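Order-wise, the sequence lines are chains R and H.
Under my numbering, the first residue of the first sequence carries the number 1, and numbering increases by one thereafter.
Under my numbering, the first residue of the second sequence carries the number 436, and numbering increases by one thereafter.
Since the structure comes first, as structure tokens, the remarks are kept for the end.
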Amino acid sequence: MENQKRPQVQLFQALGDETRLKILEMLTMGELCGCKILEKFHFSQPTLSYHMKALTAAGLVRARKEGKRVYYALETQTLQDLEDYLLRLRQALEQEQCLLCGKSRQDFEAESALTTTKEGSSMNEESKKIKLYVLTGFLGSGKTSLLLHLLDSLQGHKIGVLQNEFGRIDVDSQILQREGVLMTELTRGSIFCTCLQLKFAQALAMMAKKDIEYLFVESSGLADPSNIDEILEGVKVLAGDVYQMSGVICLVDAVNFLEQVTDEITVDRQLKHCHRAVINKVDLVEPETLSQVIETVRKYNPLCDIVTTTYGDMGTAFLQEDLMTKQWAQAEASTNSVDTKPKTLSLNFEGVAPKAAFERFLREMIPSSYRIKGFFQLDDGWQQVDVVGQVIDYKPCEPKELSQLVFISRIGPQIIRPLDKAWKDIVALPMQLKN
Amino acid sequence: MDIKIIGAGCPNCDQLKANTQQALDQLGLKEEIQRVSSLKEILLLGIMDAPSLLVDGQLLISGQVATVSEIKAKLQPLLK
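Here it is as structure tokens:
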């Protein structure tokens with residue numbers, strides 16, 4: 001529409017000149033020879049032809065050749081068109097109607113009220129807001145590795161990490177200590193559990209005061225993201241509208257998922273609420289198992305993105321995507337209450353434990369634990385210990401003040417008995433159990 | 436008296452409410468206890484911890500399950 005000049009544009013361009021306006025005014029007495037017009041001005045014949053060409057091209061003047069002379073006259077029809085156009089402008093003005101799109105003032109105001117709110121928050125401010133991502137996933141699905149990969153690939157960006165850990169010792173935050181990364185940790189329970197919402201909202205408000213671009217909230221295994229909306233409302237009270245909820249990413253452990261999904265409603269709640277499901281550890285399963293996992297994820301969430309990965313490395317391309325369009329389930333009351341909060345217990349130990357006995361002890365504890373993790377001084381040095389499903393992982397780590405293991409109980413508070421017994425029977429060294 | 440229990444419905448908050456009720460009974464007060472459980476409302480009241488007890492805008496108990504006698508001790512000065 002903009003490429004083609006409207007006739008009015010050419011008209012007004014032709015009129016927008018002192019000389020040409022004077023020529024028009026002269027021609028109102030009727031047809032005139034070019035030579036007569038030239039007599040009135042102090043310029044040459046070619047200049048006159050230049051102006052006359054502009055007037056004839058716009059259709060304001062028609063030319064008639066008679067021998068060597070050219071006679072010019074006003075084109076009445078074009079003047080009429082011009083008049084009509086000015087009339088339409090005036091009429092539209094009287095009716096308060098947009099001449100360009102035909103919209104009435106009323107409609108326009110109703111619409112622009114809508115778009116201003118949208119633009120106010122989405123166009124200008126949303127870009128300045130901190131992008132908030134929530135990472136969920138069953139215990140041991142690899143959220144910490146995923147975060148580590150993200151932090152590595154986002155070097156140079158200012159990033160905040162808000163961690164939630166079931167145990168009192170902050171195993172994950174020790175792993176996640178990186179330069180330039182802001183860490184805050186909430187211990188003891190799920191951040192979506194009602195009694196911790198206040199602390200969570202305050203932590204988010206505190207994080208918002210720092211100059212960060214992205215905030216990743218790692219919500220521990222059994223957390224349920226459905227109350228995030230309410231928490232963000234709370235944050236608005238404390239710190240203003242500073243966060244842009246950018247997606248819930250649910251990590252799925254390809255190895256253990258099919259087993260976990262049968263007895264854990266939280267897994268399906270997490271899947272239901274996520275915008276992207278990342279199926280991790282796909283290198284450890286057969287293709288049939290993987291397709292079964294994908295099928296099961298789809299059953300719970302028909303809309304979310306599904307990507308597969310190994311070692312929790314899912315890249316950073318998702319930061320450019322709008323994951324929020326993949327919203328499947330509506331926010332609903334969280335299933336996490338104090339009653340369903342898993343019981344955690346930590347074991348503190350001073351000294352060096354023999355690795356063989358230590359591992360037998362861990363094996364003994366696997367049936368009653370969702371997850372065991374921590375740092376321990378074994379006879380082959382300090383190790384970061386991670387137990388997921390039947391797999392026990394060791395990684396050498398920096399020496400700590402104290403060896404500590406956190407147990408997330410599958411059997412509630414009773415875990416203290418088998419734990420105490422297994423340690424005494426197998427490792428038989430002094431240790432302390434703490435809630 | 437405007438008595439508010441601040442807490443989003445966990446057992447701790449229930450306990451503080453029960454203790455407050457008992458304290459009111461023992462003091463012979465027939466005041467209603469209101470419950471504030473919405474996160475936004477709690478934060479709008481400027482309260483950062485739960486469970487808490489707010490009486491006539493005064494924060495008497497913050498972030499703990501106070502005993503009946505503790506609550507009574509805090510309420511008594513307000514009765515004069």
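We treat Cβ as the ideally placed atom computed from N, Cα and C, and that holds for glycine.
Quick caveat: nothing in here was measured; it's all calculated off a predicted structure.
- Only those residues of the stretch 231–250 of chain R whose C-beta falls short of 7 Å from the nearest C-beta of chain H are listed: Ile231, Glu233, Gly234, Val237 and Leu238.
- C-alpha of H:Ile438 to C-alpha of H:Thr502: approximately 16 Å in a straight line.
- For H:Ile477, the closest Cβ of chain R is nearer than 8 Å.
- Rounded to the nearest angstrom, the gap between the Cα atoms of R:Val255 and R:Lys143 is 15 Å.
- Contact with chain R is absent for H:Asp491, since none of that chain's Cβ atoms lies less than 8 Å from the residue's Cβ.
- If only uninterrupted beta strand (DSSP E) runs of at least 3 residues are considered, those enclosed by the stretch 64–95 of chain R are 69–74.
- Between the alpha carbons of R:Lys36 and R:Gln91 lies a distance of about 40 Å.
- When the five nearest sequence neighbours on each side are left out, the beta carbons in the same chain lying within less than 7 Å of the beta carbon of R:Ala205 are those of Val235, Leu238 and Ala239, in order along the chain.
- Counting along the chain, the unbroken alpha helix (DSSP H) around R:Ser291 starts and ends at Pro287 to Tyr300.
- Counting only Cβ-Cβ distances below 7 Å, R:Gln404 has no contacts in chain H at all, with the closest Cβ about 27 Å away.
- According to the DSSP assignment, R:Phe318 belongs to no alpha helix (DSSP H), since it is labelled neither H nor E.
- In the structure shown, the three-state DSSP call for H:Pro512 is helix.
- Excluding residues up to 5 positions away in sequence, Ile426 and Val427 lie with their Cβ nearer than 6 Å to the Cβ of R:Ala357 in the same chain.
- Cβ neighbours of R:Leu402 within its own chain (closer than 8 Å, five residues either side excluded): Asn348, Phe349 and Glu350.
- For the set R:Pro396, R:Gly389, R:Ile212 and R:Ser369, the Cα lying nearest the Cα of R:Leu378 is the one of R:Pro396.
- Note on R:Cys274: 16 or more other CB atoms within 10 angstroms of its CB, so buried under the neighbour-count rule.
- At a cut-off of 8 Å between C-beta atoms, H:Asp449 does not count as an interface residue with respect to chain R.
- Interface with chain R (8 Å Cβ-Cβ cutoff): H:Ala485 is included.
- R:Arg276: not part of any alpha helix (DSSP H); member of the beta strand (DSSP E) spanning Arg276 to Asn280, first to last residue.
- With respect to R:Arg6, R:Leu55 sits apart: the two C-beta atoms are not nearer than 8 Å.
- Taking each of R:Leu362, R:Trp382, R:Phe407 and R:Glu75 in turn and checking the Cα distance to R:Pro399, the smallest one comes out for R:Trp382.
- Rounded to whole angstroms, the gap between the alpha carbons of R:Ile415 and R:Arg371 is 12 Å.
- Take R:Tyr71, set aside five residues on each side of it, and the residues of its chain with a beta-carbon closer than 6 Å to its own are Glu31, Cys33 and Arg64, in chain order.
- Remark: C-beta atoms of H:Leu480 and H:Leu489 approach each other more closely than 8 Å.
- Residue pairing by DSSP puts R:Cys250 in a beta bridge opposite R:Thr136 and R:Ala277.
- Contact check for R:Leu151 and R:Val217: beta-carbon distance about 14 Å, past the 8 Å limit, so the pair fails to qualify.
- Put simply, the CB of H:Leu513 is far from chain R, with every gap to its CB atoms at 8 Å or more.
- Within the stretch 491–508 of chain H, no residue has a Cβ lying closer than 8 Å to any Cβ of chain R.
- Judged by DSSP secondary structure, R:Val9 falls within the alpha helix (DSSP H) whose first and last residues are Pro7 to Leu15.
- The three-state reading of DSSP puts R:Arg410 in coil, since its state is none of H, G, I, E or B.
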